[in-house]
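Asks:
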Amino acid sequence: MLKQRAVVAGVGSYLPEKVMTNDDLSKIVDTTSEWIVQRTGIERRHIAAEDQNTSDLATIAANRALEDAGVSAQDIDLIIVATSTPDNTFPATAVAVQHNLGNQTGYAFDVQAVCSGFVYAMTIADSFIRAGNAETILVIGAETFSRLLDWTDRTTCVLFGDGAGAVVMRAQPVADGEPEQGILSCHLRSDGSHKQKLYVDGGPSSTQTTGQLRMQGREVFKHAVGMISGVVTDAFAASGTTADDLTWFIPHQANKRIIEASAEKLGIDINKVVMTVEGHGNTSAASIPLALDVAVKDGRVQRGDLVMLEAMGGGFTWGSVLLRW
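The numbers in my numbering rise by one with no breaks, and the one at position 227 of the sequence shown is 256.
1) Which class does Asn92 belong to by DSSP, given the choice of helix, strand or coil?
2) Measuring CA to CA, which of Met49, Asp230, Gly170 is closest to Ala87?
3) My understanding is that Ala267 touches Met198, with C-beta atoms under 8 Å, so please give their C-beta distance in whole angstroms.
4) Is the CB-CB distance between Ile89 and Ala193 below 8 Å?
5) If you follow the beta strand (DSSP E) that Trp347 is in, where does it begin and where does it stop?
6) What does the Cβ neighbour count give for Pro208, buried or exposed, with the cut at 16 atoms within 10 Å?
7) May I ask you to report which of helix, strand or coil DSSP gives Lys109?
8) Tell me whether Gly99 sits in a helix, a strand or coil according to DSSP, three-state version.
9) Can the beta-carbon of Gly343 be found less than 8 Å from the beta-carbon of Val148?
10) So the beta strand (DSSP E) Trp277 belongs to, where does it begin and stop?
11) Note down, in chain order, each residue of its chain lying with its Cβ closer than 6 Å to the Cβ of Ser219, except the 5 sequence neighbours on either side.
12) Got a sec? Which residues, its chain only, sit under 6 Å from Val356 by beta carbon, not counting five neighbours each side?
13) Measuring straight from C-alpha to C-alpha, what distance separates Asn132 and Leu107?
14) Leaving out five residues on either side along the sequence, give the residues of the same chain with a beta carbon under 6 Å from the beta carbon of Arg93.
15) If we count the other Cβ atoms within 10 Å of its Cβ and call it buried at 16 or more, is Trp277 buried or exposed?
16) Compare the C-alpha of Ser222 against each of Leu242, Leu188, Asn300, Val249 and name the closest.
17) Who does His75 pair with in a DSSP beta bridge?
18) Apart from the five residues on each side of it in sequence, which residues of its chain come closer than 7 Å, Cβ to Cβ, to Thr118?
19) Assuming contact is defined by CB atoms lying nearer than 8 Å, are Arg309 and Gly161 in contact in what I supplied?
20) If Asp139 and Ala163 are in contact, beta carbons under 8 Å, what's the gap, nearest whole angstrom?
21) Here's the rule: buried if 16 or more other CB atoms are within 10 angstroms of the residue's CB, otherwise exposed. What is Gly99?
22) Taking 8 Å as the threshold (C-beta atoms), are Leu213 and Leu321 in contact?
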């Protein structure tokens, strides 16, 4: 008996040309590069140009993923954009990307789960493919988080950057007894009681403004490692695998200390962890596909590798995706 599996066929990413270093930030707020690196591991981040929208970043990443997969934009059945920084309140940024790509036969929508958005979007794409509702799906994480920052708050403005990453996911039939490829398990969680720990203090319904990012950093750190470990452990249990079976662990790139603490708690060898936080900062929903693209392009991730993706974001939301590359 054949069953449909969602396989990653291509990956692409884009970082804006402007780079803001820690030294650049020290001229804006009371901070130092040493202070930022010690607490976060971040050395620099990319900032979108004034005339660049989230859809522009997403479109470049999407085109690179399509090229990598050898797929035409007209072959795309569905476009999902994970973002907390849409071009407009509506329509969805995904529709703008669809138009930019010249696709008029598919459908498109956004997913808003903050830093967990890409994991949520991949889970949705997996469900569509398993159900036979789509053959080829473009999943994008794209953010212009610099537009949400309070540049007088040194505890938050040093953390975030802009960027986009994308994957092309395709349906692949797998017969019973054949080696599994593609997404093996997805686990999503949320808990709205933590809303005030990481949020934006504005919105169309509440303040009629965009608002700015607010965060209780210690509270986020306190909860992050336990929540991340829980969904990763769930993935191991569902798939019959262990930390030793993993080839690569590609977490949300929020903070080096959180990543290292999570890997230690899960028993994952630090040499299996892909980290790009030093050069990208926290790019929210874009961080996992950006890191994934780096690891694929430099040859670390190879076909047949067992790869764990995980993220946690405002809400709180968190989740994991385990896949056989």
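Ideal placement from N, C-alpha and C gives every residue a C-beta, glycine not left out.
Replies: So, from the listed chains and residues:
1) Of the three classes helix, strand and coil, the one that applies to Asn92 here is helix, per DSSP.
2) Taking only the C-alpha atoms, the option nearest Ala87 is Gly170.
3) Separation of the CB atoms of Ala267 and Met198 is rounded to 19 Å, and the pair is thereby denied contact status at 8 Å.
4) The beta carbons of Ile89 and Ala193 sit closer together than 8 Å.
5) Run containing Trp347: 346-353, per the beta strand (DSSP E) assignment.
6) Classification of Pro208: exposed, given that the 10 Å Cβ count is below 16.
7) Contrary to the premise, residue 109 reads as Ile rather than Lys in this sequence. Ile109: strand per DSSP, three-state reduction.
8) It is coil, neither helix nor strand.
9) The answer is no: Cβ separation not under 8 Å.
10) Residues 277-280.
11) Excluding sequence neighbours, Ser219 sits near Gly344, Thr346.
12) Any property of residue 356 remains undetermined from this structure, which presents the chain solely from 30 to 354.
13) Computed Cα separation, rounded: 10 Å.
14) Gly41, listed in sequence order.
15) When all chains shown are included, Trp277 counts as buried.
16) Residue Val249 is the option with its Cα nearest to Ser222.
17) Bridge partners of His75: Val48.
18) Residues Pro233 of the same chain have their beta carbon placed closer than 7 Å to that of Thr118, with the five preceding and five following residues left out of the count.
19) Looking at the sequence shown, residue 309 is not Arg but His. Contact flag unset, no.
20) The beta-carbon distance between Asp139 and Ala163, rounded to whole angstroms, is 16 Å. This is too long to meet the 8 Å contact definition.
21) Around the C-beta of Gly99, fewer than 16 other C-beta atoms lie within 10 Å, and the residue is accordingly described as exposed.
22) For Leu321 and Leu213, no; Cβs fall outside 8 Å.
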